[in-house]
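The block underneath contains the structure these notes are about, expressed in structure tokens.
Protein chains: 4
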Amino acid sequence: MTSIAYLGPRGTFTEEALLSMPVSQGADLRALPSANTAVDAVRTGEVDYALVAIENSIEGTVTGTLDQLAVGEPLVITDEVVIRVRFALLVRPGTPLSGVRRVATHSVAAAQCRGWIAANLPDADVVPEASNTAGAEAVAAGTYDAVIAPSVAAEVYGLEILADDVGDNDEAWTRFVLLSRPSAVPAPTGADKTTLFLYMREDHPGALLEILTEFSVRGVNLTRIESRPTRKALGDYFFSVDCEGHVADARVGEALMGLHRICASVRFLGSYPRHDGKEPLLRSGVTDVDFAAARAWLDAVRGSGPTA
Amino acid sequence: MTSIAYLGPRGTFTEEALLSMPVSQGADLRALPSANTAVDAVRTGEVDYALVAIENSIEGTVTGTLDQLAVGEPLVITDEVVIRVRFALLVRPGTPLSGVRRVATHSVAAAQCRGWIAANLPDADVVPEASNTAGAEAVAAGTYDAVIAPSVAAEVYGLEILADDVGDNDEAWTRFVLLSRPSAVPAPTGADKTTLFLYMREDHPGALLEILTEFSVRGVNLTRIESRPTRKALGDYFFSVDCEGHVADARVGEALMGLHRICASVRFLGSYPRHDGKEPLLRSGVTDVDFAAARAWLDAVRGSGPTA
Amino acid sequence: MTSIAYLGPRGTFTEEALLSMPVSQGADLRALPSANTAVDAVRTGEVDYALVAIENSIEGTVTGTLDQLAVGEPLVITDEVVIRVRFALLVRPGTPLSGVRRVATHSVAAAQCRGWIAANLPDADVVPEASNTAGAEAVAAGTYDAVIAPSVAAEVYGLEILADDVGDNDEAWTRFVLLSRPSAVPAPTGADKTTLFLYMREDHPGALLEILTEFSVRGVNLTRIESRPTRKALGDYFFSVDCEGHVADARVGEALMGLHRICASVRFLGSYPRHDGKEPLLRSGVTDVDFAAARAWLDAVRGSGPTA
Amino acid sequence: MTSIAYLGPRGTFTEEALLSMPVSQGADLRALPSANTAVDAVRTGEVDYALVAIENSIEGTVTGTLDQLAVGEPLVITDEVVIRVRFALLVRPGTPLSGVRRVATHSVAAAQCRGWIAANLPDADVVPEASNTAGAEAVAAGTYDAVIAPSVAAEVYGLEILADDVGDNDEAWTRFVLLSRPSAVPAPTGADKTTLFLYMREDHPGALLEILTEFSVRGVNLTRIESRPTRKALGDYFFSVDCEGHVADARVGEALMGLHRICASVRFLGSYPRHDGKEPLLRSGVTDVDFAAARAWLDAVRGSGPTA
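Line order of the protein sequences matches chains A, B, C and D.
Here our numbering is used: the first residue of the first sequence is 14, the next is one more, and so on.
Here our numbering is used: the first residue of the second sequence is 14, the next is one more, and so on.
Here our numbering is used: the first residue of the third sequence is 14, the next is one more, and so on.
Here our numbering is used: the first residue of the fourth sequence is 14, the next is one more, and so on.
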């Protein structure tokens, strides 16, 4: 049976994200205490997959997760899922809004819902908790009157949704990736993404421009970029990037070879279907057909000289 | 008297960073429950400054802080400080290592010290807490046997340092910035940094390359870049960047004007002295003297025609 | 009275071009034996202007003219004119086609009319002459039976047009420029061109890319570029370029300052109205209004800190 | 026997250049009346090779030669030679300098020697002739007193060298290329050049920058570039370029494929040994070994996922 680790306990956004993925059906889902331990569980072979938040963290430190993938045994991303983040005010059944004096929240949920809390619970104490679910558990135990948490936590902890969708920003979302040990890359779907870590040879001005040129000259668009300090020395950076396309695409393959030649090291973190299914808008000259035609022309030129 | 808000309570890395800055001497230092509330306190005028972590978070959500600066009333960075992050194992006085069964940690401290914990406390329960200091308080109260926390927390909470420097990575550090309401930009020191948020006109391939070219053509190097989703729509990004140099430098000024022309919006977050005092290595042709000479030449050409 | 030198004698394309320019009306037009001597005549002050072919030579060595402008006393281009090149077969009055056995041509005219000659005069001897008009004069003197020359030469030398428009290429044209000693640059018309010579600091790979980036980052398009060997050493090059726009345009001015900073030397050869009156298609952000807005924004930022 | 056409008659710089090439030894050398007819002779198969001047013309219209290669049956360059251009003042035996009243010169020779003529023959009439050799022939026939011509013409026409090296510029040179019908490309020597004509898809701003980026991203340096009007319409250009390296080099091959994808058409004009034997200074990451290593890495990534 497929086994998948995730940041538990039950009732988190990560669980919500995981349940939305076909791979979770009939799988052995294991709630672990942190994203780090979930990543470790894949590395050691204890589980087949781990689902971890990677962008726009609501639960846990996404930056830390990325950094964890940058060193140690290589892992690859085989799928991604993006879910809308939606907070509710959860209470023990029967508690009225007027009875809410102490509200537990994870710090990010607090930030996300500040406007609603200021307007609706101006006099309540807002108490930080280590996670949304630790807060929910504490409400169930009577330590607090309410918790700002994913609405799915209500059922898990026997709470009631007193107000739903209390976030200040309707468009909040989190992106999760499914990690596995290196194996066959998922087949291209035509709407894929590729994730890379790029380490520079030295800190020279213009290095980033060179990297971007390797992508752009082959018509490969980036969807995310972050300079991240290496763990070696202050001021020593690598780049964490997502680009459109699949390593099997000719344009992505050639870009990767170009990066391999100019970087101290390139860590391939996987090619996988985009969650939004959006196909790249390709400029002329960068399809697989164009690459094959150019290759055929070059072979002719090399063989016999000129061509028009 | 100058008033400065920071993420409290006492005993955090932020306090350590703040105390290392001359501006804190004789100032009214106010420990607030979150970076967000510290930022708010500057915006409302309640305090003059706030010190918040901005890169490589150890305490709190750095990404969230950046996002908070991206919208709402403009704030500017007037100084920065970088401190080495150093964790210790703190216990109630007299507790031996063998007596440590339950260890509280903030999730990032846990990640940072995993190797040491696995080697020295293989059988201990590691329990997540909302912050380093919440853990220290709980140890003092007897809830846990020990906490992984900054060593400065020992004095604040009446604990003892059982083991110092238990982080797995000797080079961990956090960068903090001092925020104020817009006012005069600090004078250039020759070793400055400038922070910007850059919003694209539309999501068009090559936008990032265009942005970087505006910097590089004037010899301005970046020291950090991050694409960040706007709060408007999934897939809509802005870029958060730090570059070398001061807005008063001719090359930085011209680059900013170029960015202003190609971006939907540029948010200037301040020019301030670099913590490391490192002066930029300028390529030929980009000093203020070079810019002035080029201007004089252009004026001559415009006035009278040709020159050699 | 305005005096203008040109490559004579009468009956050349240069004269045709000159007569099409308003400046020639009522002026003292002086036919000189070579483009070089015409250029010299302006330099010494003997005449006010010289009209010389500069691109797609039909008469004389255009490359040589360019090179002549690259060194010595600076001259500037104040206007340009492009004329269609149209050759005719000229004979002494009464000569039938069947009587044409020896045809004089300047080498370029010969190249331009090869197809017609092969089809209509397959058995004729084609004899090179130093210029179109030397050939016409020789026909008048009875040395040859016919000459391939501009049809205007017929009247000048008392010849008859036996066949008109005998060039193989309907679209042949020559571009001429009007040179003067440095003086006030002609006012911008909205459809202007600027000509420059750019000397590199050293022969380093990527120098050309840097130059082009200085133009493109300000939205300035090139209409002509040529690498030209300097007269100093084999392998030492400079670039001769025409760009759209006028030195008084903000985008062109800033590009020129950028070039001044990265080049060993920039020689400004003038801004002048385009012959075709075609206005540049500007991308967003590069008009004078955009530059002024960016400057105002920068001034605000420098003065007081942040802005949105 | 190998047959080679060149611009005659005997005594030209082209002959001097041809005799310096090993291929001319024992070959059937055919002096033709123009570079055009020499090119035609290769196209029709009448000769195996043609040697024509291609850069920095002293004899004949180099630009015209390039244009001739741009259309019609493809030809390729298989070798190049560069010779120093050195003019002499030739007279009939016994003529003293004081006896020189009329001097014949080709217009370019006149330009090249203006300083010397002004200083030494201030009162002489300088008469243009169609070529250096036509002038020499006319001196022999008594039409003129002297000719400015290559010193090798003295022997051919029975003249005497009255003054040698009368050019104003010690470093004048001409580059010639050996043309043949398409056949096997000469083997790489490590110090090669490749010549291309690049036709744009449309006249869009930035096209040239895109072209140069295809070269530079693979570390291929240009040694010559010229925008040339196509024969179709005013304002429609193509680029004529020489780059370092051989089509068999991995970096040149990939650059050519990139150009093939973005251009309307690429005409390959040959890869051939550089006359100066200068090997390219390659930046790191662009040797054949680097390309092979990148390919092996990509194959591994595509096969099995991640790598460090």
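Cβ coordinates follow ideal geometry from the N, Cα and C atoms, glycine included.
Please name the residue in the options whose C-alpha comes closest to that of residue i.
i	options	result
residue 271 (chain B)	B:175, B:229, B:82 and B:138	B:229
residue 286 (chain D)	D:59, D:191 and D:174	D:191
residue 63 (chain D)	D:90, D:84 and D:138	D:90
residue 277 (chain D)	D:193, D:24, D:79 and D:243	D:243
residue 121 (chain A)	A:292, A:110 and A:186	A:186
residue 141 (chain D)	C:139, C:146, C:137 and C:138	C:146
residue 224 (chain C)	C:302, C:255 and C:163	C:255
residue 193 (chain B)	B:36, B:155, B:177 and B:175	B:36
residue 296 (chain C)	C:232, C:312 and C:311	C:232
residue 279 (chain B)	C:110, C:257 and C:313	C:313
Pull up the distance between the alpha-carbon of residue i and that of residue j, whole angstroms please.
i	j	result
residue 52 (chain C)	residue 18 (chain C)	8 Å
residue 307 (chain D)	residue 274 (chain A)	6 Å
residue 60 (chain C)	residue 210 (chain C)	24 Å
residue 47 (chain D)	residue 20 (chain D)	5 Å
residue 113 (chain C)	residue 130 (chain C)	11 Å
residue 213 (chain C)	residue 84 (chain C)	15 Å
residue 200 (chain C)	residue 24 (chain C)	32 Å
residue 74 (chain C)	residue 81 (chain C)	Note that residue 74 (chain C) scores 45 on pLDDT, short of 50, meaning its location in the model is unreliable and no value can be drawn from it.
residue 346 (chain C)	residue 290 (chain C)	No information on residue 346 (chain C) is available, as it lies outside the stretch 14 to 321 that chain C covers here.
residue 202 (chain C)	residue 315 (chain B)	15 Å
residue 124 (chain C)	residue 106 (chain D)	37 Å
Does the distance from the C-beta atom of residue i to that of residue j stay below 8 Å?
i	j	result
residue 251 (chain A)	residue 237 (chain A)	no
residue 153 (chain D)	residue 134 (chain D)	no
residue 40 (chain D)	residue 15 (chain D)	yes
residue 30 (chain A)	residue 96 (chain A)	yes
residue 179 (chain A)	residue 102 (chain A)	yes
residue 98 (chain A)	residue 189 (chain A)	no
residue 159 (chain B)	residue 104 (chain B)	yes
residue 162 (chain B)	residue 149 (chain B)	yes
residue 239 (chain A)	residue 293 (chain A)	no
According to DSSP, is residue i part of a helix, a strand, or is it coil?
i	result
residue 212 (chain A)	strand
residue 43 (chain A)	strand
residue 120 (chain B)	helix
residue 84 (chain A)	coil
residue 170 (chain B)	helix
residue 267 (chain B)	helix
residue 30 (chain C)	helix
residue 294 (chain A)	coil
residue 78 (chain C)	helix
residue 327 (chain C)	Lying outside 14 to 321, the shown extent of chain C, residue 327 (chain C) is not represented and no answer is given.
residue 237 (chain C)	strand
residue 260 (chain B)	coil
residue 25 (chain A)	coil
residue 198 (chain D)	coil
residue 104 (chain A)	strand
residue 190 (chain B)	strand
residue 68 (chain D)	strand
Excluding the 5 residues flanking residue i on each side, which residues of the same chain have their C-beta closer than 8 Å to its C-beta?
i	result
residue 128 (chain D)	181
residue 260 (chain B)	198, 207, 266, 269, 281 and 284
residue 34 (chain D)	64, 92, 94 and 191
residue 227 (chain C)	268, 271, 272 and 275
Does the CB of residue i have a neighbour CB from chain E at under 8 Å?
i	result
residue 16 (chain A)	Going by chain labels, chain E is absent from the structure shown, which instead holds the protein chains A, B, C and D.
Within a Cβ cutoff of 6 Å, which residues of the same chain sit near residue i, ignoring the five residues on either side of it in sequence?
i	result
residue 86 (chain C)	56
residue 156 (chain C)	none
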